[in-house]
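First the structure, in the form of structure tokens, and then the observations on it.
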Amino acid sequence: MEILEDLFRIFFPKLCANCENHLTKNEEIVCTFCRHDMPLTDFINYSENKITKTFYGRIPLEKATALLYFRKKGITKKLIHELKYEGNEEIGAFFGNWIGEIIKENNEFSDIDFIIPVPLHQKKLKKRGYNQVLKFGERVSYYLERPLLEEVLIKTSTSKTQTFKDRFERLNTVDKQFYLNEVSILKNKHVLLIDDVITTGATLEACAKKIQKTEGVKISILTMAFTE
Ligand SMILES: [Zn+2]
Numbered sequence: 002m003e004i005l006e007d008l009f010r011i012f013f014p015k016l017c018a019n020c021e022n023h024l025t026k027n028e029e030i031v032c033t034f035c036r037h038d039m040p041l042t043d044f045i046n047y048s049e050n051k052i053t054k055t056f057y058g059r060i061p062l063e064k065a066t067a068l069l070y071f072r073k074k075g076i077t078k079k080l081i082h083e084l085k086y087e088g089n090e091e092i093g094a095f096f097g098n099w100i101g102e103i104i105k106e107n108n109e110f111s112d113i114d115f116i117i118p119v120p121l122h123q124k125k126l127k128k129r130g131y132n133q134v135l136k137f138g139e140r141v142s143y144y145l146e147r148p149l150l151e152e153v154l155i156k157t158s159t160s161k162t163q164t165f166k167d168r169f170e171r172l173n174t175v176d177k178q179f180y181l182n183e184v185s186i187l188k189n190k191h192v193l194l195i196d197d198v199i200t201t202g203a204t205l206e207a208c209a210k211k212i213q214k215t216e217g218v219k220i221s222i223l224t225m226a227f228t229e
């Protein structure tokens, strides 16, 4: 079998999603060189970090971290674009494995009870074919050994372009876009909300506000990237 696999790889090599060099057997998505160039955050080591600052006064958070910095140019942006718009769903799993190993070793998120992905609206789900956060969530769930709840938080309406609204207007619209399907299961639990990129944080804020209505619930945030 292995010989067949090796042969297959010779004729159909997997390429690095960034530099397009051939990947070796042990490399996934990006080559080792490109992986070393990716800007990891060290947020996990700080109880107060750029994410907790972003949400300060908006939602109470237990902990928050992101794997990478999202910059105007760079590999993170390129990979997330591929994940969201070019059908490369496996990039989510790649990020999930990466942060999964970090959080497992670090132990900071060991008291999480459930993982909840920011949901996509049905229409968008149909168009894209997948929720780009799902594979990421599945890997995080694997490393934390906690269940991923897909059906608890639902997106009820599609968002039109948010660009021309001010922050207050945006929050108002976003707040009506999510619905908490099952409240009792989250009672007194610690929920890990996960998403792809934090920019303004408006979507995560709206999700957290819905979850927050549950008695005794605690919320933490984990994302693939954070916009610097
Ligand atoms: Zn590369």
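Count along the sequence shown from 1, then add 1; that gives the number in the numbering used here.
From the three backbone atoms N, C-alpha and C, an ideal C-beta is built for every residue, glycine too.
Cut-off 6 Å between Cβ atoms - residues of its own chain near residue i, not counting five sequence neighbours on either side
i             : result
asparagine 89 : Glu83
alanine 226   : Ala67, Leu69, Phe71, Thr77 and Val198
alanine 94    : Lys136 and Arg140
tyrosine 180  : Ile155 and Thr157
histidine 191 : Asp112, Ile113, Asp114 and Lys219
lysine 211    : Phe179 and Leu181
isoleucine 98 : The residue asked about is misnamed: residue 98 is asparagine in this sequence, not isoleucine. Cβ within range, chain order: Arg140.
lysine 85     : Gln133
glycine 138   : Ile116, Pro118, Leu149 and Ile195
histidine 23  : Pro14
Identified DSSP bridge partners for residue i
i                 : result
valine 141        : The partner list for valine 141 (beta bridge, DSSP) is empty, contrary to what the question assumes.
tyrosine 70       : Phe227
alanine 65        : Ile222
isoleucine 116    : Leu149 and Leu193
phenylalanine 212 : The identity of residue 212 in the sequence shown is isoleucine, whereas the question assumes phenylalanine. Isoleucine 212 pairs with nothing; no bridge assigned.
leucine 41        : Leu69
histidine 23      : Leu16
valine 198        : Ala226
lysine 156        : Phe179
Exposure label - residue i; buried when at least 16 CB within 10 Å
i                 : result
phenylalanine 96  : buried
methionine 35     : What sits at residue 35 in the sequence shown is cysteine, not methionine. Looking at its Cβ environment, which holds 16 or more other Cβ atoms inside 10 Å, cysteine 35 is buried.
phenylalanine 44  : buried
glycine 101       : buried
serine 142        : buried
isoleucine 4      : exposed
leucine 145       : buried
cysteine 17       : buried
phenylalanine 110 : buried
asparagine 19     : buried
threonine 200     : exposed
leucine 8         : exposed
threonine 42      : buried
glycine 217       : exposed
glycine 130       : exposed
threonine 33      : exposed
glycine 202       : buried
Chain-order list of residues whose beta-carbon lies under 7 Å from that of residue i (same chain, five-residue window excluded)
i              : result
threonine 215  : Val184, Leu187 and Lys188
aspartate 38   : Ile76
asparagine 107 : Ile45
leucine 62     : Thr53, Phe56, Ile220, Ser221 and Ile222
is_contact[residue i, chain C] using C-beta, thresh 8 Å
i              : result
isoleucine 199 : Of the chains in the structure shown, none is chain C; there is only one protein chain.
8 Å Cβ shell around residue i - same chain, five flanking residues per side excluded
i             : result
serine 158    : His122, Lys177 and Gln178
arginine 10   : Lys26
serine 48     : Lys64
glutamine 213 : Ile60, Pro61 and Ile220
Check: Who sits around ligand 1, taking every residue whose Cβ is closer than 6 Å to one of its heavy atoms?
Finding: Here the residues come out as Cys17, Asn19, Cys20, Asn22, Val31, Cys32, Phe34 and Cys35.
Next item on the list: Evaluate contact between the segment 103-120 and the segment 132-150, counting only Cβ atoms and requiring at least three cross-stretch pairs below 8 Å.
Entry: Touching, per the Cβ criterion.
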